[in-house]
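This report concerns only the one structure given below.
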Amino acid sequence: MKKKQTYHRAHPTWCPGCGLFGVFDALKRAAANMGLAPEDVVVVTGIGCHGRMNNYFYSYGFHGLHGRAMPVATGIKLVNPKLTVIGVSGDGDAYSIGLGHFLHAVRRNVDITYIVVNNRLYSLTQGQMSPTTMFGMVTISTPFGSKDFPIEGPVLALAARGTFVARGFSAEAGHLAFLIEKGMRHKGFAFIDVLSPCVTYNKLNTFEWYKKNTFMIEKEPDYSPGDKSKAWEILNRDDRIAVGLLYEEEKPSYEELILPDTDQPIAFVDLSVRRKELEIIMENFR
Amino acid sequence: MKKKQTYHRAHPTWCPGCGLFGVFDALKRAAANMGLAPEDVVVVTGIGCHGRMNNYFYSYGFHGLHGRAMPVATGIKLVNPKLTVIGVSGDGDAYSIGLGHFLHAVRRNVDITYIVVNNRLYSLTQGQMSPTTMFGMVTISTPFGSKDFPIEGPVLALAARGTFVARGFSAEAGHLAFLIEKGMRHKGFAFIDVLSPCVTYNKLNTFEWYKKNTFMIEKEPDYSPGDKSKAWEILNRDDRIAVGLLYEEEKPSYEELILPDTDQPIAFVDLSVRRKELEIIMENFR
Amino acid sequence: MIKDLSVMIAGKAGDGVLFTGNVLARLLKRHGWEVVTGRDFPSNIRGEPTRTTIRASLNENYGPGDLVNILLAFDCEAILDNLPLMAAGGTVLCDGEVVVTPPRDQAEGKTFHKFPLRAMAREKFGHEIFKNMIALGALTFLLDLETTLFEEIITEMFLRRKGEEVEKKNIQAAAYGYEKAREITLARERLPLARKEDGERLLLSGDEAIAFGALAAGCRFFAAYPICPASEISHWLARHMPQFNGVVIQTEDELAALNMALGAAYAGARAMTATSGPGASLMMEAFSLAGMAEIPIVIAHIQRLGPATGIPTKTQQGDILQWVFGSHGEFARIILAPGTLSECFELTTEAFNLAEKYQCPVVLLTELDMGQDYRTAPRFDLSRVRIDRGKLLTQEQLLGIQDFKRYEFTFDGISPRALPSSRKGLHMVESLEHDESGYRDESESNRMRMMEKRMKKLKKASKDLPRARVWESRKAGAGLITTGSTLGPVLEAAAELRKKHVQAKCLQLRTLWPFPVHAVKRFLDECDRVFVIENNCSAELATLIRSQVIPLPEMVSILRCGTRSFRPREVVEQVEKAVR
Amino acid sequence: MIKDLSVMIAGKAGDGVLFTGNVLARLLKRHGWEVVTGRDFPSNIRGEPTRTTIRASLNENYGPGDLVNILLAFDCEAILDNLPLMAAGGTVLCDGEVVVTPPRDQAEGKTFHKFPLRAMAREKFGHEIFKNMIALGALTFLLDLETTLFEEIITEMFLRRKGEEVEKKNIQAAAYGYEKAREITLARERLPLARKEDGERLLLSGDEAIAFGALAAGCRFFAAYPICPASEISHWLARHMPQFNGVVIQTEDELAALNMALGAAYAGARAMTATSGPGASLMMEAFSLAGMAEIPIVIAHIQRLGPATGIPTKTQQGDILQWVFGSHGEFARIILAPGTLSECFELTTEAFNLAEKYQCPVVLLTELDMGQDYRTAPRFDLSRVRIDRGKLLTQEQLLGIQDFKRYEFTFDGISPRALPSSRKGLHMVESLEHDESGYRDESESNRMRMMEKRMKKLKKASKDLPRARVWESRKAGAGLITTGSTLGPVLEAAAELRKKHVQAKCLQLRTLWPFPVHAVKRFLDECDRVFVIENNCSAELATLIRSQVIPLPEMVSILRCGTRSFRPREVVEQVEKAVR
Ligand SMILES: Cc1ncc(C[n+]2csc(CCOP(=O)(O)OP(=O)(O)O)c2C)c(N)n1
Ligand SMILES: Cc1ncc(C[n+]2csc(CCOP(=O)(O)OP(=O)(O)O)c2C)c(N)n1
Ligand code: SF4
Ligand code: SF4
Ligand SMILES: [Mg+2]
Ligand SMILES: [Mg+2]
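Protein sequence lines, in the order shown, are assigned to chains A, B, C and D. Count along the first sequence starting at 1, add 8, and that's the number in the working numbering. Count along the second sequence starting at 1, add 8, and that's the number in the working numbering. Count along the third sequence starting at 1, add 740, and that's the number in the working numbering. Count along the fourth sequence starting at 1, add 740, and that's the number in the working numbering.
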């Protein structure tokens, strides 16, 4: 256990009331609960309002290109599996431009915790429609209403054989912290879609709206995150949005499978020229 | 009805016995059954052995970039909705580099028929692992066995809210032709994953292997393609691979929703400068 | 009478700085002034310093000026950063909690007023949001502008969209600000502006001019992915396209945007995409496809500051060489660079013709400060817009042809085009090397002819492209070569230099590729010393010139590697230093 | 005694043409000859014409020659296309159903033998697959090669992998072919080759040399997406990386490949990716990130013929300017171009040092014919491989530092580097403009310093880069400038020109960026006439030179816009024409 303050680098300049504050809080709490040294954490972010997370959360940070958080995070994790690698993206970053990378990271089951802050808009670029924008919504880019049917990250993650699929709500920072912590403890890829109102541009999916339209699956009497068809069903419900740990499964993680030796991080391998072995290999060229 | 020969431009140079011959045959049959004029069809292909389809199938053709068949096909369909637009990709083209585009096309429900010839390898580039390569398989790029968990197109299409999700088998050209025809008649995005052996590089997923490991859902007593949870379940079966029309649903197609007037194809709209209207719009700048 | 001035509005993101500046710009424009705004924004939605500067002149107005006459700040701290920019005799109005004491030397000769905008708005109108109207009212007083014109603008903005009540309240807030300013400022601070007829002039951004140009030119398919500072083109078109039976698609990324536009263009639409920085890099692959498959496409690139994500809200000219030399393989491309707002419109309409006539990608390369800032311009002349679809064949023409070949070897390299669904026009579009019908052909003889065919299109095009423009025709001591939005400060600098008896003339490159070798040579011959002025760090334009013009006299590069465009003085000083 | 010859193997894709050629290459190499293969393949798995030419010389061997001495065809039709390439006195062996009568003028002086390889294979060994061994046996006879050496190679190929029976049967097939050739050919057709010691020499492809170089240089993370002709690097490393505790990842696309490699490099690995054509365009965005975030990365680009998908199996040098000027924004980059097989190895090992020393992307630019063809080379000298990780700080060093700043402004622009997990090394990697600690900073003053810091690294690097190489030191009438695999034909042409009394010297650019201005200037001073020779259509290298070197004498471009590399004669003829 550490103090939450350990990870507080600066006060965010997000719009007052933005859901991202809840995510920031939850992330600090989860890290504190895990007692992580800030130096052992790398937060890899996408481009968007969510991408400012690195400015506020105190740890190593990598704010790369729009949509490419997952390849970067995978590279980091494989080279140094001892690091706790956390991805933070937005719905545009993860489900639009980064959709391919997201699902490939899911299927590989790399040991990364991936938080997608889903405000159902491209907020940093002033509120255009995103892949989770509700059908018909008027945005700056859809003056006559969105004509794209939305998709949901958790459904896709389940379909791509995700081993940890969850949904949080940024108004419930405590619960979200619990999910993030569980995700970090999960061996393999942990995916958390976070319902997170953008108070500036999204006048539809507000805190109130979510309060009305979500329910906690942990409170459902017979729900178990071990049952894939249940998860599928609950995710396909039309009436209300399920929040909680939807699905979890044990499976070897990518780095266990692909690295010759997870105990010898590539990051610190001795690079001096191994002449003897190389000379033997060179014999193949004769 | 037209003759199958109508669409036969040349004899393919695929390796003798390749599953692609079955797909070619099925495509010709379906087009013949629909009685399509070759000039009213555009086949948009990806890069790979499958991409040679345009050289053999007689119609308008667009052999674009690796993984980008769907955006191109979408552009064509929106500009001229009267065309029958067919996409032909490989598993690498559609599920690896093109995964994002594929799922976004699915969710938009553009009226395109998308055939993914799934030989579970990158064949044109000499047999590297693809996203559908079975776990552990030795390929030229995975000398110690693939460590990536495979994904399946139909599951993902279902999760992305596909309105027509099917799977064919290139050894069953008649059945495949039936699926393709049904797909072309479907209003909206019709997706068909085709199990198709690569006889040169894939020594595991052979015709025999598929015969042993597939079953026809049309023959299942109580299967109906209108039930999404059934489709999900059957797609998640571990023992055998379901072939047939897995799921179909009615929903407005993208071009109906987004085009001001589907009866006036953009392709043939009169472009002379509409000065009066433009002058009025210019008033906004004063 | 004052004939030229700059007003800066400063505050924090979220304060409505941009809104305030744009309304002021419109107001000045209605008084017959030439106006240009100069936004300076952080890439953040809230809380960071933000400013915009409205430069207004009675006559010519090239762009942002050197100094600011009036500073209105929503936050008194903001004045500290901006004082060094203020002209002698300037006036400062500011709101805010913090009491700020400017350094003595910088404060000298300027008048400071604490102007509690938020408090007034809250107290008098019940909400801070009225602070902007109060501020504008104050400026209306200071500049001695017509309140009726201001009220007109308020009505236009609010009446239809928000109703009468809101409109009224805003008019009241404006009047309140006007009176308050009268109370607290001194008579000598007032800058009574001369007036002129507004006439038929326009006030709009380069992005809007491009979007309007596209619409006028028959663009009916626009696909793009949101990115600063190009999104405005998309937003504008999304509102207006349906009326013209066209469509705007927000794609999943830039790869999809260009590929989808290529599909649309192939199917017969005049198609376009727009992007910036990272998005342009993502389009490089499909750019090459457009070249290979000879698909007419227009790509607008509004340059922002790189590399990587860079500073998305700042301007630069750092992507010139990427479009000239970028992408894999070799193919014909045309690159146009508008230097004025009118050219944003004109070159866009021309771009669609060039794309179809030469069946190649056409890039419209401009900059953030051109794309997002507002400028006045004469009304666009729609009667001059021509639609030339090149060798696109109608169904009738196709029926009359024996053996249609989409990629036929022709004298000028340009082949006939048929749209899918046409009878007798069947062909392949092939990203592999292909024969005259479009089918894969890897033979060397075919390859050589096809490359030659595709490349030689540019030879013919060169005669058809927007010509380089020369300002001042006499022989000159200093020749200033530039492109894009840097034109403004360069022209102003040239005027200034002439006042200082340095004979300066300017060459504006409006086509960057194929490179206008002759125009540059001719210009070089007429100048003693040559300067290449561009807003980037590595002298891209000069590099391009060197790579194309032989032999070449010595050229001096004047570069800016900062976060804004040139101020005229920065050009003047460097030229003077070199010439004297 | 014969000291130089070329053998062409021709057939259809699927015939084993490549295999046959490669075995012959190995056999010749074991006889002490210098060898280079020249593959010419369709981009299709089956059924289309395919050929490979083995050039072998007793001494120097620069690359493919002008003419072919022996043609072995699995398909008699194949000989028609290839006859014009045959030297006088040449021998043709062919199999196939079709009887082909070559045109009289082309057939003159050549001997033709119908050689029913398939039938012999079927009849004598029960399977057509033995046709290749029979063919090789026949060639062994024709070239009077040691059958024991051939058997040795067969054993190496088959014994361990396929077992004794297969090995034996192949030896028998070879012997059969040897005897059959003796039966049907005339004594004068035999080309008795001189011999030499094989020694410690190697025979491998450029892709293998790069892969091996990477492994030797400590590359432990390789991420790539399959693409012709770069995949072989990946395949080779996939087999050998685990032994060195490294990993090879096949990513979902090229965007992921470079971004993942950047993540890996940031975390501490020596990381690399490899690609070609369209893949390179897809990497442009992340290339810019590497520049901005100063992440050491090595990108191998094996050029194939573009644009778009182009012809994936043909060579070209059409992507030079993309790497020099491509990608959005301006940043430091280093571009190396090996011209020989040894340099593929050496420059790769050097690339990793440069990337870490200058904390920027390093591109290793070569061509399909260098990457995929096999060449002999002296054994690589591992004792000369040095690992220099530049300013990468260890944990101990970090603990001794007061206030670590990842992007500290330093004299040479190079800042200290710390790996994540290090104590006292915490920092941000930021694609936005950032301050010394890596945190977003959009102020102009910071931006200017940061740009200057990042750019000036190249100044220091210039002294540290692979130098341009000059062949022949005297003053010359003809100066030939080239780069990459075009070096071979150019050197051979120069030797030929000297025989014809044209004093020719060559300059090989091994570093393309930062551009070696001084080396080029010095070379230019020493030559009367200058030729720039490159395998592309738009004179990319010449364009680059012009953009960097001032003043510049006239240069003549010698270009190839076809589907293969130069033949020496093509260079000789053009130089002669210009010089005489
Ligand atoms: C390649 C590329 N394209 C476009 C952009 C512009 N851009 C910046 S943020 C963003 C979308 C942000 O949406 P989201 O990921 O949902 O983040 P949010 O701001 O909502 O947190 C876009 C399109 C970019 N930076 N890079
Ligand atoms: C951007 C890009 N990357 C890589 C390639 C090389 N490439 C050509 S085909 C192919 C994969 C083919 O696999 P698949 O789509 O399954 O087609 P198949 O050959 O199996 O039919 C690849 C990677 C390319 N052409 N373009
Ligand atoms: S714009 Fe929306 S998402 Fe961004 S900081 Fe403000 S409220 Fe949050
Ligand atoms: S390589 Fe495989 S997929 Fe390609 S044509 Fe041959 S059998 Fe078919
Ligand atoms: Mg969002
Ligand atoms: Mg495949």
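Glycine included, each C-beta is placed from N, C-alpha and C at the ideal position. Every value quoted in this text rests on a predicted model; they were computed, and no experiment measured them.
- Non-local beta-carbon contacts of ILE893 of chain D in its own chain, meaning distances under 8 angstroms to residues more than five positions away in sequence, involve VAL763, ARG766, LEU767 and ARG770 in chain order.
- For TRP22 of chain B, a Cβ of chain D is located within less than 8 angstroms of the residue's own Cβ.
- In the three-state reduction of the DSSP assignment, ARG901 of chain C falls in the helix class, which pools H, G and I.
- Residue contact check for THR82 of chain B against chain C: a CB pair falls below 8 angstroms.
- At a cut-off of 8 angstroms, the C-beta of ASP1268 of chain D has no neighbouring C-beta in chain C.
- For ASN809 of chain C, the enclosing beta strand (DSSP E) has its first and last residue at 808 to 813.
- Around GLY787 of chain D, the beta-carbon contacts reaching into chain B at under 7 angstroms are THR21.
- Counting only beta-carbon distances shorter than 6 angstroms to the non-hydrogen atoms of ligand 6, the qualifying residues in chain order are B:GLY56, B:GLY98, B:ASP99, B:GLY100, B:ASN127, B:LEU129, B:TYR130, B:SER131 and B:SER138.
- At a cut-off of 8 angstroms between C-beta atoms, MET1024 of chain C counts as an interface residue with respect to chain D.
- Along the stretch 105 to 128 of chain B, the positions whose C-beta sits under 8 angstroms from a C-beta of chain C are GLY108, HIS109 and HIS112, read in chain order.
- By the criterion of at least three beta-carbon pairs nearer than 8 angstroms, the stretch 904 to 917 of chain D is in contact with the stretch 866 to 886 of chain D.
- Distance from ALA753 of chain D to THR790 of chain D at the Cβ level is roughly 5 angstroms; contact confirmed, criterion being Cβ atoms closer than 8 angstroms.
- The count of Cβ pairs closer than 8 angstroms, one atom from the stretch 96 to 105 of chain A and one from the stretch 43 to 56 of chain A, reaches three, so the stretches are in contact.
- By the C-beta criterion, the stretch 233 to 242 of chain B is judged not to be in contact with the stretch 137 to 148 of chain B, since fewer than 3 inter-stretch pairs fall below 8 angstroms.
- For MET137 of chain A, the chain C residues whose C-beta falls within less than 8 angstroms of its own C-beta are GLN990, listed in chain order.
- Ranked by Cα distance from LYS1261 of chain D, the options D:HIS1241, D:ARG1238 and D:ALA1208 are led by D:ALA1208.
- Distance from LEU1022 of chain C to LEU995 of chain C at the Cβ level is roughly 6 angstroms; contact confirmed, criterion being Cβ atoms closer than 8 angstroms.
- DSSP places GLU189 of chain B within a helical segment (H, G or I) once states are collapsed to three.
- By the beta-carbon neighbour count (other beta carbons within 10 angstroms, threshold 16), PHE1306 of chain D is buried.
- Against chain B, the CB of SER974 of chain D has a partner CB under 8 angstroms away; the residue lies at that interface.
- In the three-state scheme derived from DSSP, where H, G and I count as helix and E and B as strand, GLN990 of chain C is classed as strand.
- In the displayed model, ILE893 of chain D falls within a helix according to three-state DSSP.
- Within the DSSP bridge table, the entry for THR222 of chain A names A:ILE249 as partners.
- When the Cα atoms are used, ASN41 of chain A and ALA181 of chain A turn out to be separated by approximately 14 angstroms.
- With a cutoff of 8 angstroms on beta-carbon distance, ARG1309 of chain C and ILE274 of chain B are scored as not near each other.
- Residue pairing of TYR262 of chain A in beta bridges, as defined by DSSP: absent, with no partner found.
- Here LEU933 of chain C is bridged, per DSSP, to C:ILE742.
- Look at ALA198 of chain B here: in three-state DSSP terms it is strand.
- Proximity of GLN1099 of chain C to chain B, defined by a Cβ-Cβ separation below 8 angstroms, is not satisfied.
- Listed in chain order, the positions of the stretch 234 to 259 of chain B with a beta carbon within less than 9 angstroms of a beta carbon of chain C would be empty, since no residue qualifies.
- For chain B, the residues of the stretch 142 to 176 of chain A that bring a beta carbon within less than 8 angstroms of one of its beta carbons are LYS155, ASP156, PHE157, PRO158, ILE159, VAL163, LEU164, LEU166, ALA167, ALA168 and ARG169, in chain order.
- DSSP, reduced to helix, strand and coil, places PHE870 of chain D within a helical segment of the structure shown.
- In this structure, the alpha-carbon of ILE973 of chain D lies about 13 angstroms from that of ALA1011 of chain D.
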